[in-house]
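As structure tokens, the structure follows; a few thoughts come after it.
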Amino acid sequence: MHTDVLVVGAGPTGMMVANELLLAGVSTVVVDRLSRRSELSRAGGVQSRTLAALDQRGLLEPLLATGDYPISAGHFAGFPLSLDFARHRLPWRSVPQVVIEGFLEEHLATHGLRVRRDHELVAIDQDSDGVTATFADGTALRGRYLVAADGAHSTVRSLLRVDFPGQSGTATVVAADVRLGGVDDRMSHVWSPDGHWAAVFPLGTDSQGRRLSRLVLGGPRHSLPRDVEVTEEEIRESLRTVLGSNARLLELRYGRRITDTARQAAQYRHGRVLLAGDAAHVHLPLGAQGMNTGMQDAINLGWKLGATVRGWAPDGLLDTYHAERHPAGAAVLRNVQAQCLVMDWAGTRAPDVLATKELLTDLARLPDVQRHLGDLMSGMAIRYAMPGVDRHPLIGRPVPDLPLDPTRLHALLRSGRGILLDPEGEHGKLADLWSDRVDHVDYVRQGTEPMLVRPDGYVCWAGDPDDLEPALGHWFGQAG
Ligand SMILES: Cc1cc2nc3c(=O)[nH]c(=O)nc-3n(C[C@H](O)[C@H](O)[C@H](O)COP(=O)(O)OP(=O)(O)OC[C@H]3O[C@@H](n4cnc5c(N)ncnc54)[C@H](O)[C@@H]3O)c2cc1C
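Using this note's numbering, you'd call the opening residue of the sequence shown number 1 and step up by one each time.
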């Protein structure tokens, strides 16, 4: 055995899961087929739930200190969501994926975990003790578990013949990183009468302080095979017809065509192999949900895999990864498909689509609808189906902001351990029995709701004191 866990793929999902495994004290090797990090920006935004997870690990402040990343409330199907209705402490930020990857790779390296590059997995073999991965150069590595975070075209998924149901792409659109003139790049989405549309989002600034934007162009003119090169002329023509003659293309950094393929692995766990991120689900990156869903898979999986390797995981803990994250992924696929339809992705101009869009345009201005869509897109609407979920409104949800000195709160959550918040100090004796896995916190302000929080920041007990001991056993294994 070379390592406890072998993570294949050093994208945001793979590196996030590696960070969780480091916290859990589990030996981890991360491999990637690329010789160096991709320079493509791809994901342009980070949602509230992912920001909160980074914050809980003490990673948000240093990440945001690396540049100037505008705040916004995002959008749903091109309808802007207003910050006036954003009800989460950390609203959407335009942090490009390339920045997040660089940051995470350096963070892991400072903790002694260097990504092993030029390692392309070509074969995989698992038995009852572990998994052996063979690479293109003929070398092999063996781990007790393997996390497949190798992206949308996952080799591991293909080699294991994982059932990957869904729908194939029906159209493509252009996604380009550009510098624009004469365009307001605050999250706008514009349609022209001929069925073409353009969406513009801010992507922060480059090293010379120049504003970069993500431009997405759709409609019949752009729905070309994925290998057809995106040209400056194609972009200029659409800018002119959709955004008007003031819109100018100053620079095209890169452009690619993306499809509306929507598929999800039927099972996220295959013995000792766990699929995560794009390897487990692919869909249009609408409203910044691709990278974010992958990073949240990683946070959910990391501590459960860590507990399994360390030997304290209760029966079935690792299987809750699929049980919780598959429905979360399916919900993302559904909202992306709904957005795709309303945005008239393929530029059909079909009367029923236009009528639906007109109705939703009015609805999307209502404060309650804004809040609902904001929760959906930010990842904050996720509620895991865990024991007791029907008995208390906090159970299954991310821990709310707590009335604690922020420094102490961060230090607590950063440890990656469970937390029992016990403002009245009633549960100390019980908590002592799990003190190697759960921190007992009785210095929160009185009146705070007592709750048990899992290492991934989700509440797994609140309310009835009789339910606490079963919850400790269910999530943290046997006492003592
Ligand atoms: C144009 C564009 C815009 C996007 N915008 C957004 C957005 O705004 N918000 C958002 O949340 N998402 C967005 N996405 C989606 C986002 O980029 C992906 O969801 C995200 O990259 C998934 O992360 P991952 O770590 O799961 O996979 P990846 O980032 O694809 O990482 C997989 C890694 O595995 C490696 N690998 C692959 N095969 C092998 C192998 N056989 N052996 C070893 N290594 C291998 C690859 O080299 C790669 O480094 C966008 C995507 C595109 C293309």
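Just so you know, even glycine gets a beta-carbon here, dropped at the ideal spot from N, CA and C. In this text, all values refer to a predicted model and were calculated from it rather than measured experimentally.
Return yes when the Cβ of residue j is within less than 8 Å of the Cβ of residue i, no when it is not.
i, j, result
"residue 420", "residue 392", "no"
"residue 79", "residue 364", "yes"
"residue 44", "residue 346", "no"
"residue 10", "residue 26", "no"
"residue 325", "residue 297", "yes"
"residue 197", "residue 156", "no"
"residue 224", "residue 212", "no"
"residue 268", "residue 322", "yes"
"residue 423", "residue 450", "yes"
"residue 123", "residue 8", "no"
"residue 276", "residue 149", "yes"
"residue 473", "residue 312", "no"
"residue 310", "residue 24", "yes"
"residue 83", "residue 94", "no"
"residue 379", "residue 50", "yes"
"residue 144", "residue 374", "no"
"residue 303", "residue 455", "yes"
"residue 260", "residue 340", "yes"
"residue 32", "residue 89", "no"
"residue 98", "residue 105", "no"
"residue 64", "residue 305", "no"
"residue 162", "residue 283", "no"
"residue 266", "residue 281", "no"
"residue 413", "residue 469", "no"
"residue 433", "residue 480", "yes"
"residue 274", "residue 301", "yes"
"residue 247", "residue 169", "no"
"residue 37", "residue 102", "yes"
"residue 146", "residue 34", "no"
"residue 394", "residue 336", "no"
"residue 463", "residue 442", "no"
"residue 438", "residue 416", "no"
"residue 195", "residue 1", "no"
Return yes when the C-beta of residue i is under 7 Å from any heavy atom of ligand 3, and no when it is not.
i, result
"residue 97", "Absence of ligand 3 is noted for the structure shown, with ligand 1 being the only ligands found."
Can you give the beta carbon distance from residue i to residue j, rounded, assuming they're within the 8 Å contact cut?
i, j, result
"residue 387", "residue 458", "Not a contact, Cβ separation roughly 13 Å."
"residue 189", "residue 199", "4 Å"
"residue 15", "residue 108", "6 Å"
"residue 263", "residue 166", "3 Å"
"residue 217", "residue 173", "6 Å"
"residue 332", "residue 293", "5 Å"
"residue 180", "residue 252", "With 8 Å as the limit, residue 180 and residue 252 do not qualify as a contact, their Cβ atoms being about 10 Å apart."
"residue 77", "residue 342", "4 Å"
"residue 467", "residue 461", "6 Å"
"residue 254", "residue 177", "6 Å"
"residue 221", "residue 238", "7 Å"
"residue 521", "residue 12", "What is shown of the chain runs 1 to 480, which leaves residue 521 out entirely."
"residue 91", "residue 158", "Contact flag wrong, Cβ pair sits at about 38 Å."
"residue 121", "residue 135", "6 Å"
So residue i is in the alpha helix (DSSP H); what residue range does that whole segment cover?
i, result
"residue 303", "290-310"
"residue 475", "468-476"
"residue 325", "319-342"
"residue 452", "From DSSP, residue 452 is part of no alpha helix (DSSP H) but of the beta strand (DSSP E) over 451-453."
"residue 17", "12-23"
"residue 439", "Unbroken run through residue 439 is the beta strand (DSSP E), 438-441; no alpha helix (DSSP H)."
"residue 431", "428-432"
"residue 346", "Premise fails: residue 346 is in no alpha helix (DSSP H) and is neither H nor E."
"residue 28", "Counting along the chain, residue 28 falls outside any alpha helix (DSSP H), though it belongs to the beta strand (DSSP E) covering 28-31."
"residue 50", "48-56"
"residue 38", "Premise fails: residue 38 is in no alpha helix (DSSP H) and is neither H nor E."
"residue 237", "232-238"
Determine the extent of the beta strand (DSSP E) in which residue i is found, giving its start and end residues.
i, result
"residue 4", "3-8"
"residue 142", "140-148"
"residue 131", "131-135"
"residue 459", "459-462"
Pick out the complete alpha helix (DSSP H) segments inside the region 62-123, 4 residues or longer, and give them in chain order. Runs of the alpha helix (DSSP H) inside the region 62-123: 97-110.
Considering only residues of the region 159-223, which uninterrupted beta strand (DSSP E) runs meet the minimum length of 3 residues and lie entirely inside it, listed in chain order? 172-181, 188-191, 197-205, 211-218
With a floor of 3 residues, list each beta strand (DSSP E) that falls wholly inside the region 241-278, ordered by position along the chain. 248-259, 262-264, 273-275
What runs of the beta strand (DSSP E), each 3 residues or longer, lie entirely inside the region 354-423? 418-421
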